[in-house]
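Below is one structure, written out as structure tokens; comments come after it.
Number of protein chains: 2
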Amino acid sequence: MSSNLIVQKYGGTSVGSVEKIRGVAKRIKKSRDAGKDVLVVVSAMAGETDKLLNMAHELSDLPERREIDLLLSSGERISSALLSIALHDMGCPAVALTGRQMGLVTDNTHTRARIKEINAGRASDILKKNHVVVCAGFQGVNDMGDVTTLGRGGSDTSAVALAVALKADLCEIYTDVKGVYTADPRMVPNARKLNMVSFEEMLEMASLGAKVLQIRCVEFANNFNMPLVVRSTFDEGDEGTRICQENPDMEQPVVSGVMYDKNQSKITIKGVPDQPGIAAKIFNALAEASISVDMIIQNVSAEGHTDISFTLPNTNLQEAMSIMEKKGKEVQAESVSSDSNISKISVVGAGMRSHSGVAARIFSTLSNNKINIMMISTSEIRVSCVIDSKGTEQAVRALHDEFKLEEEPVQVSQPATDASPTA
Amino acid sequence: MSSNLIVQKYGGTSVGSVEKIRGVAKRIKKSRDAGKDVLVVVSAMAGETDKLLNMAHELSDLPERREIDLLLSSGERISSALLSIALHDMGCPAVALTGRQMGLVTDNTHTRARIKEINAGRASDILKKNHVVVCAGFQGVNDMGDVTTLGRGGSDTSAVALAVALKADLCEIYTDVKGVYTADPRMVPNARKLNMVSFEEMLEMASLGAKVLQIRCVEFANNFNMPLVVRSTFDEGDEGTRICQENPDMEQPVVSGVMYDKNQSKITIKGVPDQPGIAAKIFNALAEASISVDMIIQNVSAEGHTDISFTLPNTNLQEAMSIMEKKGKEVQAESVSSDSNISKISVVGAGMRSHSGVAARIFSTLSNNKINIMMISTSEIRVSCVIDSKGTEQAVRALHDEFKLEEEPVQVSQPATDASPTA
Chain A
1499 MSSNLIVQKY GGTSVGSVEK IRGVAKRIKK SRDAGKDVLV VVSAMAGETD
1549 KLLNMAHELS DLPERREIDL LLSSGERISS ALLSIALHDM GCPAVALTGR
1599 QMGLVTDNTH TRARIKEINA GRASDILKKN HVVVCAGFQG VNDMGDVTTL
1649 GRGGSDTSAV ALAVALKADL CEIYTDVKGV YTADPRMVPN ARKLNMVSFE
1699 EMLEMASLGA KVLQIRCVEF ANNFNMPLVV RSTFDEGDEG TRICQENPDM
1749 EQPVVSGVMY DKNQSKITIK GVPDQPGIAA KIFNALAEAS ISVDMIIQNV
1799 SAEGHTDISF TLPNTNLQEA MSIMEKKGKE VQAESVSSDS NISKISVVGA
1849 GMRSHSGVAA RIFSTLSNNK INIMMISTSE IRVSCVIDSK GTEQAVRALH
1899 DEFKLEEEPV QVSQPATDAS PTA
Chain B
1499 MSSNLIVQKY GGTSVGSVEK IRGVAKRIKK SRDAGKDVLV VVSAMAGETD
1549 KLLNMAHELS DLPERREIDL LLSSGERISS ALLSIALHDM GCPAVALTGR
1599 QMGLVTDNTH TRARIKEINA GRASDILKKN HVVVCAGFQG VNDMGDVTTL
1649 GRGGSDTSAV ALAVALKADL CEIYTDVKGV YTADPRMVPN ARKLNMVSFE
1699 EMLEMASLGA KVLQIRCVEF ANNFNMPLVV RSTFDEGDEG TRICQENPDM
1749 EQPVVSGVMY DKNQSKITIK GVPDQPGIAA KIFNALAEAS ISVDMIIQNV
1799 SAEGHTDISF TLPNTNLQEA MSIMEKKGKE VQAESVSSDS NISKISVVGA
1849 GMRSHSGVAA RIFSTLSNNK INIMMISTSE IRVSCVIDSK GTEQAVRALH
1899 DEFKLEEEPV QVSQPATDAS PTA
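Written out as structure tokens, the structure reads:
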């Protein structure tokens, strides 16, 4: 089943200078010298995409999306050509391929295109010659032959898609951190790097703001069961974090990590008449403005009236408030208020499925730390609480301690199901 | 016959910043508002190509040519996308096209590819919709679909080729000077901008080091009789210099300009036995090393021996001398010496064909200024002299004065050939 092919994706900081590109080339050569076929996907050099985007925005408040894609795709073309040149110089034959040349065909949604198909014939031919393929990440072409891009973090998705198309064993995502941690190491000094995370957990973590992987890339890997490894470009000794399907042999701690998100705000509408259709009115108005709402709670208050609170990204607060003030009047609400000093704390773990009492432990921990919970939401493998943002650090550290995340989990071996102890 | 299409090419300094790109967009919009169809070809932003090339050379002494083409082509993709964005922002619909999208197919000679054909169907369709086409200069694709580039100054050639393919009326080359001058204005303060120059004159001037146009672009325009106009991006009032075929109505001054080239060296081989085949031996060795020789003179010296002198670019002097020292021994020459303090002064004018005595006036002028002539070469419309480089400025100014180049030439009307004065 093994194809001997490994896909390696290097992010912008990994190829941020000529010197770093040379370092990446050495690392690739090592994999190839070890007998692997290697296909590499690169991002633009760190800062390049922002530089190009800033020029476009200096020229136009609303630059044409088609031209933005042509503009931004240059960044990855540059880094892929330079990396290929560096590999050649080390005696490691390599061929740089653009989105078109790697056969990455997308729909026509410029700046956030979806992959339709991959015709990786050329990449496959190059690999058969025992050359390294260096693909420009983040980009494809639509049916008209115009350049499209996959949106921010799209290079991760390019890498997984190519790994799936070419039936690679593994897709390695090289970045500037060692892997996925139990908590943000800048906030929790004893945060531990996780050796394994399930796709489901990683999906929750990515949607909660873990920036190490884009949610789309994890979805893609999960759909096609392509194992991912997140690891550091600059620390060869560390094996990083493996992200794959859950299986019975996998270590399954109850809780894998504690996440926080300070970039949320809360809007509260008080004293809304408790009639059918009011909530629909409010949230339809937000949906029409393309504002995505995260948590929603509704409490019955006195005399047939109700209070509704919801959270949303900080960046949408101003627009949402002006909509809500209008809608509030329409539905005869008592008041509309907002709070941007909130923080969402989340505890994620695949083991929650089989272990009860996790939510209760979270609430107790916060309570013992005199941290008030404003809102709660849960999924099968996650519990999130909105708190006052002042308490963020204290809450994250306390929960990290409560679930002993700094300790390597004990591997619990499954009891053999056909064992008959007394026979 | 008129197609209403105008091709405008903007060089690197013309699009060297976001502010300048906006200025170029305004200029294009003005042409379109005046009822013209406009196809634009842009170079990379000034400095961009060198920046990319330097990174490649930091990574490898001999970077792969295929990858260099992928790398460098990004510069023009960036400027074309930005210019298209600027045009959109002014309410002037535009579409940026890459080398592939404009249908510019080349041979496979990476970094200095030759154009094989242009399939400009897409550009033509866009023009029919009354949109501006913004083409990334300097680049094409080969039959394999790999990016190729046309060599330095290739954007001028792209522009002429597209103008020919789309049957444009005119190809305008926008740059940072007002046009073609009678002499380098930095050396000759009263140098005059020429309103018209013939293709033949421009070919001589380009090969003599006039940097305003690449020789290949002029050859292409001459072959397909596509009129060129060289004009300033930053001075809208000036109509620049028109370069086109000679015709009877064209002003035909005897001399159009005085050029100089200080980047030449001279090698002299003395006392070569005067036998057949010796010169061939010497110059074959240089040709094998891809060193192009400019002027050659051979004098018979005493006793069946001969002296050979030739000029070549400074950059090849060292290599040529080491070849010549070897060859000199082989052919039993007395000595081999070199002189890099020389300068080639050239006088160019299509009117020389019908006016005799120009060479004599040049020699007299130099002689009156006590400037010694080391070598002479001529073509139908050019006289070149090699002199000591110390005399360069004096020679150029004296010749400029001698032929009264600072004065607008008097338009001499041709006598009607069928006039019979006494009838």
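Protein chains in written order, with the working numbering: chain A, 1499 to 1921; chain B, 1499 to 1921. Even glycine gets a Cβ: it sits at the ideal position worked out from N, Cα and C. All figures in this text were calculated on a predicted structure; none of them were measured in a lab.
#1: If distances are taken between C-alpha atoms only, which option among 1838(A), 1578(A), 1680(A) and 1833(A) comes closest to residue 1595(A)?
#2: Could you work out which residues of chain B lie near residue 1553(A), taking near to mean beta carbons separated by less than 7 Å?
#3: Decide yes or no for the touch test of the segment 1672-1689 of chain B against the segment 1610-1627 of chain B: beta carbon pairs closer than 8 Å, at least 3 of them.
#4: Find the nearest neighbour of residue 1787(A) within the set 1798(A), 1803(A) and 1819(A), judged by alpha-carbon distance.
#5: Is there at least one Cβ from chain B nearer than 7 Å to residue 1562(A)'s Cβ?
#6: When the cut-off is 7 Å and only beta carbons count, does residue 1660(A) lie next to chain B?
#7: Just list the residues that DSSP pairs residue 1706(A) with in beta bridges.
#8: Rounded to whole angstroms, what's the CA-CA distance from residue 1641(A) to residue 1585(B)? Just pull it up for me.
#9: List, in order along the chain, the chain B residues whose C-beta lies closer than 7 Å to that of residue 1583(A)?
#10: Can you have a look at residue 1629(B) and say buried or exposed, based on whether 16 or more other CB atoms are within 10 angstroms of its CB?
#11: Round the Cβ separation of residue 1609(A) and residue 1567(A) to the nearest angstrom and send it over; I've been treating them as touching at under 8 Å.
#12: Where does residue 1886(B) fall in DSSP's three states?
#13: Examine chain A for any beta-carbon lying closer than 7 Å to the beta-carbon of residue 1568(B), and answer yes or no.
#14: Spatial neighbours of residue 1699(A) within its chain, please: C-beta separation below 6 Å, excluding the five flanking residues on both sides.
#15: In terms of residues, what are the limits of the beta strand (DSSP E) holding residue 1808(B)?
#16: Reducing DSSP to helix, strand and coil, say where residue 1590(A) ends up.
#17: Of the residues that make up the segment 1624-1643 of chain B, which ones have a beta carbon closer than 8 Å to any beta carbon in chain A?
#18: In terms of DSSP beta bridges, what is residue 1656(B) paired with?
#19: Listed in chain order, which residues of the segment 1715-1734 of chain B have Cβ atoms closer than 8 Å to some Cβ of chain E?
#20: Is the beta carbon of residue 1658(A) closer than 7 Å to that of residue 1719(A)?
#21: Would residue 1616(B) and residue 1604(B) be called neighbours here (beta carbons separated by less than 7 Å)?
#22: Given a cut-off of 7 Å on the beta-carbon distance, is the pair residue 1802(B) and residue 1728(B) in contact?
#23: Check the Cβ of residue 1520(B) against every Cβ in chain A and list those closer than 7 Å, keeping chain order.
#24: Does any residue of chain A bring its CB to less than 7 Å from the CB of residue 1586(B)?
#25: To test your reading of the DSSP string, which unbroken alpha helix (DSSP H) runs of 4 or more residues are found completely within the segment 1839-1873 of chain B?
#26: Along the segment 1607-1626 of chain B, where does the CB come closer than 7 Å to a CB of chain A? Name the residues.
#27: The alpha helix (DSSP H) spanning residue 1598(A) covers which residue range?
#28: So, is the C-beta of residue 1903(A) closer than 7 Å to a C-beta in chain B?
#29: Give the straight-line distance between the Cα atoms of residue 1756(A) and residue 1898(A), rounded to the nearest whole angstrom.
#30: Which of the three DSSP states, helix, strand or coil, is assigned to residue 1639(B)?
#31: Runs of 4 residues minimum, wholly inside the segment 1712-1747 of chain A: which ones carry the alpha helix (DSSP H) assignment?
#32: Helix, strand or coil for residue 1521(A)? Go by DSSP, reduced to three states.
#33: If we count Cβ pairs, one from each stretch, closer than 8 Å, do we get three or more for the segment 1853-1869 of chain A versus the segment 1807-1817 of chain A?
#34: Anyone know if the C-beta pair for residue 1887(B) and residue 1841(B) falls short of 7 Å?
#35: Give me the chain B residues within the contact set of residue 1787(A), using Cβ-Cβ distance strictly less than 8 Å, ordered along the chain.
#36: Decide yes or no for the touch test of the segment 1728-1737 of chain A against the segment 1758-1776 of chain A: beta carbon pairs closer than 8 Å, at least 3 of them.
This is what the structure gives:
#1: If you number the first sequence from 1, residue 1595(A) lands on position 97. Selected option, being the one with the closest Cα: 1578(A).
#2: Residue mapping note: residue 1553(A) aligns to position 55 of the first sequence, counting from 1. Per Cβ cutoff of 7 Å: 1516 and 1580.
#3: Cβ pair count under 8 Å is below three, so no.
#4: Mapped onto the first sequence, residue 1787(A) falls at position 289. Distance from the Cα of residue 1787(A) is smallest, within the candidate group 1798(A), 1803(A) and 1819(A), for 1819(A).
#5: On the first sequence, residue 1562(A) is found 64 positions in, with the first residue counted as 1. Yes, residue 1562(A) lies at the interface with chain B (some Cβ there is under 7 Å from its Cβ).
#6: Position 162 of the first sequence, counting from 1, holds the residue named residue 1660(A). Put simply, the CB of residue 1660(A) is far from chain B, with every gap to its CB atoms at 7 Å or more.
#7: On the first sequence, position 208 is the one that residue 1706(A) refers to. Partner(s): none; residue 1706(A) has no beta bridge.
#8: Within the first sequence, the letter at position 143 stands for residue 1641(A). Within the second sequence, the letter at position 87 stands for residue 1585(B). Taking the straight line from one Cα to the other gives about 25 Å.
#9: In the first sequence, the residue the question calls residue 1583(A) occupies position 85. Chain B residues near residue 1583(A): 1554, 1557, 1558, 1561, 1562 and 1565.
#10: Translated into the one-based positions of the second sequence, residue 1629(B) becomes position 131. Answer is buried; the Cβ neighbour count reaches 16.
#11: Indexing the first sequence from 1 puts residue 1609(A) at position 111. Indexing the first sequence from 1 puts residue 1567(A) at position 69. 6 Å between Cβ atoms; contact.
#12: As a first step, residue 1886(B) is located in the second sequence; it is residue number 388 there, counting from the start. If DSSP states are grouped into helix, strand and coil, residue 1886(B) belongs with the strands.
#13: Looking up residue 1568(B) in the second sequence gives position 70. With a threshold of 7 Å between beta carbons, residue 1568(B) makes contact with chain A.
#14: Taking the first residue of the first sequence as 1, we reach residue 1699(A) at position 201. Hits under 6 Å: 1754, 1846 and 1848.
#15: On the second sequence, position 310 is the one that residue 1808(B) refers to. Bounds of the beta strand (DSSP E) holding residue 1808(B) are 1803-1811.
#16: As a first step, residue 1590(A) must be located in the first sequence, where it is residue number 92. DSSP places residue 1590(A) outside both helix and strand once states are collapsed to three, so it counts as coil.
#17: So the list reads 1643, given in the order they occur along the chain.
#18: As a position in the second sequence, residue 1656(B) is number 158, starting the count at 1. Paired residue(s): none; residue 1656(B) is not in a bridge.
#19: Note that chain E does not occur in the displayed structure, where the protein chains are A and B.
#20: Within the first sequence, numbered from 1, the residue matching residue 1719(A) stands at position 221. Within the first sequence, numbered from 1, the residue matching residue 1658(A) stands at position 160. Going by C-beta atoms, residue 1719(A) is nearer than 7 Å to residue 1658(A).
#21: Here the question's residue 1616(B) lines up with position 118 in the second sequence. Here the question's residue 1604(B) lines up with position 106 in the second sequence. Contact: no.
#22: One-based indexing of the second sequence puts residue 1802(B) at position 304. One-based indexing of the second sequence puts residue 1728(B) at position 230. No; because the gap between Cβ atoms is not below 7 Å, this pair is not in contact.
#23: Counting from 1 along the second sequence, the entry for residue 1520(B) is found at position 22. Those are 1557, listed as they occur along chain A.
#24: Translated into positions along the second sequence, residue 1586(B) becomes position 88. Proximity of residue 1586(B) to chain A, defined by a Cβ-Cβ separation below 7 Å, is satisfied.
#25: Taken in chain order, the whole alpha helix (DSSP H) runs of length 4 or more contained in the segment 1839-1873 of chain B are 1856-1866.
#26: Hits within the stretch: zero.
#27: Taking the first residue of the first sequence as 1, we reach residue 1598(A) at position 100. Annotation for residue 1598(A): no alpha helix (DSSP H) segment contains it, and DSSP assigns it neither H nor E.
#28: Indexing the first sequence from 1 puts residue 1903(A) at position 405. No, residue 1903(A) does not count as interfacial toward chain B.
#29: Your numbering for residue 1756(A) matches position 258 in the first sequence. Your numbering for residue 1898(A) matches position 400 in the first sequence. Approximately 6 Å, taken between the alpha carbons.
#30: The residue given as residue 1639(B) occupies position 141 in the second sequence. Three-state result, residue 1639(B): strand.
#31: Runs of the alpha helix (DSSP H) inside the segment 1712-1747 of chain A: 1713-1721.
#32: Within the first sequence, the letter at position 23 stands for residue 1521(A). In the structure shown, residue 1521(A) falls within a helical segment according to DSSP collapsed to helix, strand and coil.
#33: Flag = no, the segment 1853-1869 of chain A and the segment 1807-1817 of chain A do not touch.
#34: Taking the first residue of the second sequence as position 1, residue 1887(B) is located at position 389. Taking the first residue of the second sequence as position 1, residue 1841(B) is located at position 343. It is a contact, given that the beta carbons lie within the stated cut-off.
#35: For the purposes of this step, residue 1787(A) is taken as residue 289 along the first sequence, with counting starting at 1. Correct list: empty, because the minimum Cβ distance to chain B is about 24 Å.
#36: Cβ pair count under 8 Å is below three, so no.
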